[in-house]
Amino acid sequence: MHDDLTRKLDTPKVTPTRASFSRTIDEAHFVSGTVLAAPYRIVGLLGNGGMGVNTGGTKMRRISFTKRIGLTVVLPFLLLSAFPSNCWAWGDHGHQIVVLIASRYLNAQAQENVLRLLMEDIRVNDYYYKAACPDVLALSKSQPLSDVHRKQLLDEGLRCMVIWPDPPYVKFDRPYTANWHFIDIPLTHNPGGKATTYQLDLARECLLGAKNGDCALLALERFQAVLANPRKNGNYGESDASRAEALKFIIHIVGDIHQPLHCANDQDLSKPDDHGDAGGNGKIVNWLNEQTYTYGVWNLHAVWDSGILDKILAAYKGQNDSSIEEAFIKDSSLPAAGSPDLVRMQEGSVFAWVYQSYLLAAEYVYGKLPPYDANYEYPVLDRKTFKPVIDPATNKPKTNFGGYRLTEEYYTANAPVVKRQLILGGVRLGRILNEDLGK
Numbered sequence: 003m004h005d006d007l008t009r010k011l012d013t014p015k016v017t018p019t020r021a022s023f024s025r026t027i028d029e030a031h032f033v034s035g036t037v038l039a040a041p042y043r044i045v046g047l048l049g050n051g052g053m054g055v056n057t058g059g060t061k062m063r064r065i066s067f068t069k070r071i072g073l074t075v076v077l078p079f080l081l082l083s084a085f086p087s088n089c090w091a092w093g094d095h096g097h098q099i100v101v102l103i104a105s106r107y108l109n110a111q112a113q114e115n116v117l118r119l120l121m122e123d124i125r126v127n128d129y130y131y132k133a134a135c136p137d138v139l140a141l142s143k144s145q146p147l148s149d150v151h152r153k154q155l156l157d158e159g160l161r162c163m164v165i166w167p168d169p170p171y172v173k174f175d176r177p178y179t180a181n182w183h184f185i186d187i188p189l190t191h192n193p194g195g196k197a198t199t200y201q202l203d204l205a206r207e208c209l210l211g212a213k214n215g216d217c218a219l220l221a222l223e224r225f226q227a228v229l230a231n232p233r234k235n236g237n238y239g240e241s242d243a244s245r246a247e248a249l250k251f252i253i254h255i256v257g258d259i260h261q262p263l264h265c266a267n268d269q270d271l272s273k274p275d276d277h278g279d280a281g282g283n284g285k286i287v288n289w290l291n292e293q294t295y296t297y298g299v300w301n302l303h304a305v306w307d308s309g310i311l312d313k314i315l316a317a318y319k320g321q322n323d324s325s326i327e328e329a330f331i332k333d334s335s336l337p338a339a340g341s342p343d344l345v346r347m348q349e350g351s352v353f354a355w356v357y358q359s360y361l362l363a364a365e366y367v368y369g370k371l372p373p374y375d376a377n378y379e380y381p382v383l384d385r386k387t388f389k390p391v392i393d394p395a396t397n398k399p400k401t402n403f404g405g406y407r408l409t410e411e412y413y414t415a416n417a418p419v420v421k422r423q424l425i426l427g428g429v430r431l432g433r434i435l436n437e438d439l440g441k
């Protein structure tokens, strides 16, 4: 993806400094009147929080990327069995690409502090590393570490930490973290024309719900405050265990907000009963002549979670690199440390970055959709087993109709966007970690 993809976005350019809450209102295109009582607290954010689907009395949860639960929208009952139940942002590959890129830009102090927090996290949560990343656990016990092994532990540790907030780990056991993975800014998809876009409104997008939390933006701000406030000389700063957990959420959320469908929701604000397409989950698609994948029937969100990226990474399978992610990074044009290109890519606030992702969703995710095909027939799958649902009246598999046929043309138009967003997520995460851990 050429650099003009980010240049063309109407977001302010700001000197790279810590993305503080107070200085980002104008950058984020806030609606006038949003009240900020203090950093990390917003007055008047009341409500159930989250978004779900009520289909004739049956609650359908927004599933991919920890979608909200709480408010109800009316979608056809046919979609109840169509949404995947355990997808997550970018998939492991995407998140790991982001942290591996970030690692390349960490200064010496930030690297040292990441390793310190990794070691503390291993001490506190060794059961996680035993189950998910035994190689990291083994390497952490090999003391003293050579410089090569320290770098290996840094990279492999970050790769392990970044997948922790997703299923089957934290998100299932801590449902109140669900909304921390995304922020749904509304847009209205106009087939054949430009999408109608709106301003970011925290009071609308970040409704606070006790069960599912608020949104990615506010969660990221809170965790940055924790990460950057170490306990010193017995004061009341944050413990290393708390800061390690904050680190895990930060590196994950920064990746999430660079996936465009983590920042957009197709809905018509002029219609009070229209609560959107659940970040693309409500749009059934045929992806490159395939109807289903590991977690159910293909939908637009799943294509942006994994479909496009999996096709990109398929070119790197079988290479001699230590991982597919490393092969992708080696083949990417990363800016040199300290270069003007790096400064330009890292500039702005997290609010501006979210709005950039939102505009990409409008122009590319929804803007490149082909016409809706009401005759597209697809199977109804059980949400738990992903097996076909049998109609008891006919003893045949149930099917439903309606969706978008996404071809190579859609992939070709959007693969550069995915590549660019992964790179931006990585270099920007590097900036955040240097700000919070590198001083």
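In my numbering, the protein residues as written are 3 to 441. Every residue, glycine too, gets a C-beta built ideally from N, C-alpha and C. Note that the structure is predicted; figures quoted are calculated from it, not measured.
Pick from Pro136, Ala243, Val116, Ala218: whose alpha carbon is nearest that of Asp123? Ala243
Would you kindly report the start and end of the unbroken alpha helix (DSSP H) that includes Phe251? 242-258
Straight-line CA distance for Asp343 to Val419? 18 Å
For a quick check, are the C-beta atoms of Asn237 and Leu439 less than 9 Å apart? no
Should Leu202 and Leu263 be called a contact, given that it needs their Cβ atoms to be closer than 9 Å? no
Using the three-state DSSP reduction, which class does Leu290 fall into: helix, strand or coil? coil
Residues of its chain near Gly159, where Cβ-Cβ distance is below 6 Å and the 5 sequence neighbours each way are ignored: Leu120, Val138
If you reduce the DSSP assignment to three classes, tell me which class Thr414 lands in. helix
Rounded to whole angstroms, what is the Cα-Cα separation between Ile326 and Leu408? 25 Å
Just list the residues that DSSP pairs Lys398 with in beta bridges. Asp393
Quick check: what's the CA-CA separation for Asn214 versus Ser148? 43 Å
Gly211 - DSSP class collapsed to helix/strand/coil: strand
At what residues does the alpha helix (DSSP H) containing Ala133 begin and finish? 128-134
Using a threshold of 9 Å, state whether the C-beta atoms of Glu107 and Arg385 are closer than that. One point to set straight first is that residue 107 is Tyr, not Glu, in the sequence displayed. Not in contact: Tyr107 and Arg385 (Cβ atoms no closer than 9 Å).
Continuous beta strand (DSSP E) stretch holding Leu189: start and end: 187-190
What is the DSSP secondary structure of Arg224, reduced to helix, strand or coil? helix
Grouping DSSP H, G and I as helix and E and B as strand, with all else coil, what is Tyr295? strand
Given a cut-off of 9 Å on the beta-carbon distance, is the pair Lys441 and Gln113 in contact? no
For Leu271, count neighbouring C-beta atoms within 10 Å of its own C-beta (all shown protein chains included) and say buried if the count is 16 or more, exposed if not. exposed
Three CB pairs or more closer than 8 Å across the segment 211-231 and the segment 127-138: no
Determine the direct distance from the alpha carbon of Thr198 to that of Lys173, and round the result to whole angstroms. 32 Å
Coarse secondary structure for Leu439, derived from DSSP in three states: helix
Between Gly404, Tyr406, Tyr368, Val256, which has its C-alpha nearest Ser351's C-alpha? Val256
To the nearest angstrom, how far is the alpha carbon of His277 from that of Glu207? 12 Å
Reduced DSSP category for Arg407 - H, G, I as helix; E, B as strand; rest coil: strand
Nearest to Ala248 by alpha carbon, out of Ala266, Tyr413, Pro167? Pro167
Under a Cβ-count criterion, where at least 16 other Cβ atoms within 10 Å of its own Cβ denotes burial, should Glu411 be classed as buried or exposed? exposed
Just the C-alpha distance for Pro170 and Ala133, rounded to the nearest angstrom, thanks. 11 Å
For Tyr378, report the span of its beta strand (DSSP E) as first-last. 375-381
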